[in-house]
Amino acid sequence: MVNEEKELDDYLEGNSELSNQYHASAMVEPSERLNEKILSAAKDAVIPKHKKKVLVHKSPWVRPVSIAAMITLSVSLVVTMQQESGQPLISAPELSIEPHSSTALSEEIVMPQTVTADDDILVLDELELRQRNGGRADVPTASGAVGSSRSESNTDVMKDEAAIIKPAKKGTLKQKARSKETEKRVFAKEHLLKSAPMEADVAASVNFKPDLQVGQGEKSLLKIKSMWEAGKYSEAKKGYQEFYKTHPGFSVEKIKEILGPDLYQALIL
Amino acid sequence: MYRIYLCLFYFSLRVVRYKLCAMGFNHSDEELMLQYVAGDAVAFESLYSRHKGPVYRYMLRLCRNEAVAEELFQEVWMKLIKARENYIASAKFTTYLYKLAHNLFIDHYRKQNVRIVEDLSVEVDDIEHEQQLANNPEYLTQTNQVMGKLTSLLESLPNEQREVFLLREEAGMTVSEIAETVGVNNEAAKSRLRYAIAKLRSGLNGE
Chain A
1 MVNEEKELDD YLEGNSELSN QYHASAMVEP SERLNEKILS AAKDAVIPKH KKKVLVHKSP
61 WVRPVSIAAM ITLSVSLVVT MQQESGQPLI SAPELSIEPH SSTALSEEIV MPQTVTADDD
121 ILVLDELELR QRNGGRADVP TASGAVGSSR SESNTDVMKD EAAIIKPAKK GTLKQKARSK
181 ETEKRVFAKE HLLKSAPMEA DVAASVNFKP DLQVGQGEKS LLKIKSMWEA GKYSEAKKGY
241 QEFYKTHPGF SVEKIKEILG PDLYQALIL
Chain B
1001 MYRIYLCLFY FSLRVVRYKL CAMGFNHSDE ELMLQYVAGD AVAFESLYSR HKGPVYRYML
1061 RLCRNEAVAE ELFQEVWMKL IKARENYIAS AKFTTYLYKL AHNLFIDHYR KQNVRIVEDL
1121 SVEVDDIEHE QQLANNPEYL TQTNQVMGKL TSLLESLPNE QREVFLLREE AGMTVSEIAE
1181 TVGVNNEAAK SRLRYAIAKL RSGLNGE
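Each protein sequence line maps, in turn, to chains A and B. Note that our numbering has the first sequence beginning at 1, numbered continuously upward. Note that our numbering has the second sequence beginning at 1001, numbered continuously upward.
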């Protein structure tokens, strides 16, 4: 017993032959498969599992539809950008100032009608009536009285309008309203042609055709210039006269810039 | 010039130290386990690489069956992973781990209706039987071919004695730690260990 105790003490102290022999024997290890299994389980337990990826099965129509959508979007974007920049999508046909078409030009180009103060007032009345009637297009307006600036298709409607509006003009209520809002109207008249929506309304009411697009005047002038350079002096002069009639608001500086001061003088004379 | 070399040497030392720290070399088992509980999977790898061999050998020599040993070994680690939140660092990690292994071993043999002798006083017959086996040259020859004499002697020991010996050798536990792991008092653990050593020595000496 004493011997066994001594052996145990020696063994526990680490001075044992038994321990050395034990550790010298084959040291087996767990298999790699087992290691991987346990380590992967440990990782899965700690690291939150990623959400299962939703597999999108690509249909055969996805690609063409996406391409079509892309093209539609890009085209619409280009159109919108061009419209916003003020450039026409399709270039307007050049004004032909050839002798045979000069008459046609004078027929085609409608002179912008001079808007007089009375017309403005009538237009304002018309707008006012529209507002009162909730913007209904079928309601007759006061501007029916301006028969000369109306298209023929609206003649009957204008007559009705005149019939309806006439008693209203006789009434005192309308006159009072006019006298009260004189300043307001004058102010509105100043800004009437400046604001685009209002301008559109006025143009529609007096049948104003804003067919003179941006750049058309320059094109006409360039055409005239080319005609002058080609030696067609009479045609160029005629074309300039037409141009002067159709573009009364075109600045002289601009004309001089395009034609050149010498040609401008020659055409004026 | 030598200053540059010194700087490089110092820098390389720092890198090596950093690498060792990252691999968990200078961390205790308890720290690694807490790191794993906090979500560090690398800490678990370090912990596993430290203990996989001893735990596996403990199971293999306790069960004496490779398939069962593998199953129980896996179960030990899985239980550790699942119950990681319950780990309290106050206990020594080795004790905690081998206690898990011990309990699984006991449960397994209870399920298999294998009698595990709890009391040393009733294992006299078994000891005599094991001694007979250990002294049987035929048995020894067969087992020596595969595992060596000591391993076969170890296998001839009763489960309780073999277990305390394995805990001492594989886990490097003290008598009190063995007692805590196995769930007996210090004296019982010491007694089992004493018996185991005596038998193994006598077997090796050919007595």
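Glycine included, C-beta positions come from ideal geometry on N, C-alpha and C.
Shown here, N1065(B) sits in coil according to DSSP, grouped into three states, outside any helix or strand.
Residues are counted here when their Cβ sits less than 9 Å from a Cβ of chain B; for the region 12 to 29 of chain A these are L12, S16, E17, L18, S19, Q21, Y22, H23, A24, S25, A26, M27, V28, E29, given in chain order. Just so you know, the alpha carbons of P60(A) and T72(A) end up roughly 20 Å apart. One Cα belongs to A1091(B), the other to Q1035(B), and the distance between them is close to 16 Å. Neighbourhood of E1169(B) in chain A, by CB distance below 8 Å: S19, Y22, H23, in chain order. Here M1173(B) is buried: its Cβ has 16 or more other Cβ atoms, across all protein chains shown, within 10 Å. Within chain A, the residues N35, I38, L39, A42 have their CB atoms less than 9 Å from the CB of Y1048(B), given in chain order. Neighbours of I1004(B) in chain A, taken as residues whose beta carbon is under 7 Å from its own, are absent, since the nearest beta carbon is some 42 Å off.
By the beta-carbon neighbour count (other beta carbons within 10 angstroms, threshold 16), T80(A) is exposed.
Counting along the chain, G217(A) sits inside the alpha helix (DSSP H) bounded by residues 216 to 229.
Per DSSP, the continuous alpha helix (DSSP H) segment holding V79(A) begins and ends at 62 to 85. Taking C-alpha positions only, L1167(B) is separated from R1064(B) by approximately 16 Å.
Out of S220(A), A230(A), L269(A), N15(A), the CA that lies nearest to the CA of E242(A) is found in S220(A). Excluding its 5 nearest sequence neighbours in each direction, R1192(B) has C-beta neighbours in its own chain below 6 Å: E1160, Q1161, V1164, listed in chain order.
For the 7 Å CB-CB criterion, A1041(B) and K43(A) form a contact.
Membership of T1151(B) in the alpha helix (DSSP H) is indicated by the continuous run 1149 to 1156.
From the listed residues K245(A), S25(A), Y233(A), F250(A), the smallest Cα separation to L263(A) is found for Y233(A).
Residue state for T1174(B) is assigned as coil, using DSSP reduced to three classes. From the listed residues N1103(B), E1187(B), G1203(B), the smallest Cα separation to E1075(B) is found for N1103(B).
In the three-state DSSP reduction, G1203(B) falls in the helix class (H, G or I). Here DSSP, grouped into helix, strand and coil, assigns Q1074(B) to helix. Counting other Cβ atoms within 10 Å of its Cβ, G239(A) reaches 16 or more and is therefore classed as buried. The residue from Y1010(B), R1014(B), E1045(B), S1012(B) with its alpha-carbon nearest to that of H1027(B) is E1045(B). Here the C-alpha atom of L1100(B) lies approximately 49 Å from the C-alpha atom of L1006(B).
In this structure, T1095(B) is the residue among T1095(B), L1032(B), E1030(B), V1037(B) with its C-alpha nearest to the C-alpha of V1055(B). In the DSSP assignment, S19(A) falls within the unbroken alpha helix (DSSP H) covering 17 to 24. Within the same chain, no residue comes within 8 Å of N35(A) by CB-CB distance, once the 5 residues on both sides are set aside. At a Cβ-Cβ threshold of 7 Å, I1178(B) and A1189(B) count as neighbours. Interface annotation, T1095(B): not in contact with chain A, CB-CB separation never under 7 Å. With contacts defined as CB atoms closer than 7 Å, A1089(B) and E1155(B) fail to qualify as a contacting pair. In terms of Cβ geometry, E4(A) and R1201(B) do not form a close pair [threshold 7 Å]. In the structure shown, the three-state DSSP call for F250(A) is coil.
Your pair E229(A) and I258(A) does not check out as a contact, with CB atoms roughly 13 Å apart and the cut at 8 Å.
Only residues of its own chain outside the window of five on either side were considered, and among them P1054, R1057, Y1058 have a CB closer than 7 Å to the CB of E1170(B), listed in chain order. Shown here, N3(A) sits in a helix according to DSSP, grouped into three states. Residue contact check for K1079(B) against chain A: no CB pair falls below 7 Å.
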